[in-house]
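Numbering (my numbering), first residue to last: 3 to 674.
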């Protein structure tokens, strides 16, 4: 007697349900995708108890004729495929013909549908895959399908459902993806009477992003678009300042279908390169259009995974477009974004002396005196040379003469001079300090410390040398603001200004970016810089590490580091690039070896070159709590402005944070 049986249709549907209907979100996915394929421009989803007790999807699409309504619940019944060739040109979201019969096998379903505008439609009631009734019923054009008591006849499946909030999270997540994939459709999602999602359906993708992630995120989004012979890309990506802890903020849509693809997400992250902090990910919505023959969507029953025919070309295209968009931006985050109204109400100001700031007349007199000292009185015989203190006293006298009737008196000039400096040691004793730098228009900058006082310190000279690598030509300046340093905060942050406002610069991150680009270029020419050691460095490894390192000595040589086996598990470092940070050579080589050994996949020389440059840059950079003079700060900022990417350190941390003048005025209630 034979052992092979042909399964009953009902049992086969229940088995198929195990593949297609994993949880309530699977039902929502299949029903909403059918509504989209039917041409619906408004789709309303209502669920209760996370979708376990009720799921209702109503659309205004094409609807179904009475005979099609019943046929749709048969296995492998579909209107999307007619011949085998159609499988290679899938243009719809649903096509397998398993969704409705699989859902019907494990739930109680009521279908109300109409294919015309006569107001007459068909009502079907199905329980556990069995048709209970079929009647004519009043119905608008479209389809309204209700699924109740999901998994009521499969208690084992129901037993392993998660909490209501977990199941609700899966439903809302997929509805968000569909709303981003189809901004031209008005979606609503309600749970237990509460509205969780509502989109306009006006075709504006940015509006859909705002409805899901909020207007704060939408304001930071950058438009991305590009086209090749095979692909067309449109969408939005967030600025590096707007990140998330996981890849959940990345939505990829292929020909209108939301998919999950790790390599596409990696291509986008490569486009950000060093702009993102470690373990932080951007918000992005990418719409890709391509010929259906270049993609296989029939990989998994849930149709969330796909295969690409030209995957490498697609990855390079996405990375290139993302990198190009970000390269055009000034990526300096604002410390506190304040929305500027169309008409600002400016607080009235009395033209009286305020101890915090000199009057206009005093400022002008002081500036004339400072400019005269800076120019050395060359060509300016009409303005006598004065000390800083004398200039301030003269300015105060001029102000009193012009405003004597007010009854206010200016404070002593010495008090003004002291308030401009953070520490007593930095305060100038003569007018020489006033000549260090002219003021930025509209600001009150502290006079800089004389160069002679700064350049005598050997530590400062060493720092200046490290900031300006010998023999390196500065590249063309990018669109980076010209910053005028005015001080240092906690020995860690440079305080700078320009006409746009106030800036804080992380000195370690800034120096790290400078060094990274410097070392990255040097690692591209290791043969020109490698020097042989008179006394080799001995490295001790474990037996396992030594065996694995033997196969990777070539990668080290491409970076200018030459190792030679020295018996057992020891190696001798015979040569390394002469520009490695002094005193850190052995530690850096050991880190490079550790990274090589821990890299499971094949090591790309470009990736290794980048990693080595990051290691060197971190070791060679100035640290926090290190005092810098004004000259060092100026050189650091000039070198930063010359970088290809002056906005983040190699690890993705921001270098500069800004406070706009408007934001400062808002804080101090000068603008209401």
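Just so you know, even glycine gets a beta-carbon here, dropped at the ideal spot from N, CA and C.
- With contacts defined by Cβ atoms closer than 8 Å, residue 327 and residue 239 form a contacting pair.
- One alpha carbon belongs to residue 635, the other to residue 492, and they sit about 14 Å apart.
- Under the 10 Å beta carbon count, residue 264 is surrounded by fewer than 16 other beta carbons and is classified as exposed.
- Under the three-state reduction of DSSP output, residue 134 falls in the strand class.
- From the listed residues 288, 57, 37, 313, the smallest Cα separation to residue 298 is found for 313.
- Counting only runs that start and end inside the stretch 140 to 189, the beta strand (DSSP E) elements of at least 3 residues fall at 144 to 150.
- Around the beta-carbon of residue 617, 16 or more other beta-carbon atoms lie within 10 Å, marking it buried.
- Beta-bridge partners assigned by DSSP to residue 500: 503.
- Counting the other Cβ atoms within 10 Å of the Cβ of residue 630 gives 16 or more, which makes it buried.
- The alpha-carbon of residue 627 is positioned some 40 Å away from that of residue 550.
- Of the residues 70, 60, 645, 334, the one whose Cα lies closest to the Cα of residue 506 is 334.
- In the assembly as shown, residue 481 is an exposed residue. Its beta-carbon has fewer than 16 other beta-carbons within 10 Å.
- Within a 10 Å sphere around the beta-carbon of residue 336 sit fewer than 16 other beta-carbons, which makes this residue exposed.
- Looking from the CA of residue 167, the closest CA among 278, 52, 58 belongs to 52.
- When secondary structure is reduced to three states using DSSP, residue 537 falls in the strand class.
- Contact check for residue 61 against residue 37 passes: the beta carbons are separated by less than 8 Å.
- In its chain, beyond the 5 residues on either side, 115, 116, 117, 143, 144, 145 have a beta carbon closer than 6 Å to the beta carbon of residue 65.
- In this structure, DSSP gives residue 36 a helical state, which the three-state scheme calls helix.
- Its Cα nearest to that of residue 56, the residue 27 stands out among 642, 331, 27, 183.
- For residue 491, the secondary structure class from DSSP, reduced to helix, strand or coil, is strand.
- A buried status is given to residue 489, since no fewer than 16 other beta-carbon atoms sit within 10 Å of its beta-carbon.
- Counting every other CB atom within 10 Å of its CB across the protein chains shown gives residue 135 a total below 16, marking it as exposed.
- For residue 112, the secondary structure class from DSSP, reduced to helix, strand or coil, is strand.
- The count of Cβ pairs closer than 8 Å, one atom from the stretch 650 to 670 and one from the stretch 498 to 514, reaches three, so the stretches are in contact.
- Within its own chain, the residues whose Cβ lies closer than 8 Å to the Cβ of residue 185, once the five positions on either side in sequence are excluded, are 201, 203, 204, 205, 206, 207, 209, 210, listed in chain order.
- Where residue 319 is concerned, the enclosing alpha helix (DSSP H) starts and stops at 313 to 329.
- In terms of Cα proximity to residue 80, the closest of 63, 39, 110, 119 is 39.
- DSSP places residue 199 in the uninterrupted beta strand (DSSP E) bounded by 196 to 200.
- Ranked by Cα distance from residue 45, the options 562, 584, 227, 192 are led by 192.
- Taking each of 285, 324, 585, 149 in turn and checking the Cα distance to residue 221, the smallest one comes out for 285.
- Scanning its chain for C-beta atoms nearer than 6 Å, with the 5 sequence neighbours on each side dropped, one finds around residue 539 the residues 575, 588, in chain order.
- For residue 667, the enclosing alpha helix (DSSP H) has its first and last residue at 663 to 669.
- Annotated as proximal: residue 496 and residue 487, with beta-carbon spacing under 8 Å.
- The C-beta distance from residue 296 to residue 311 rounds to 5 Å, short enough to fall under 8 Å.
- Residue 320 has its alpha-carbon roughly 8 Å from the corresponding atom of residue 235.
- Residue 260 is positioned such that its CB atom lies closer than 8 Å to that of residue 179.
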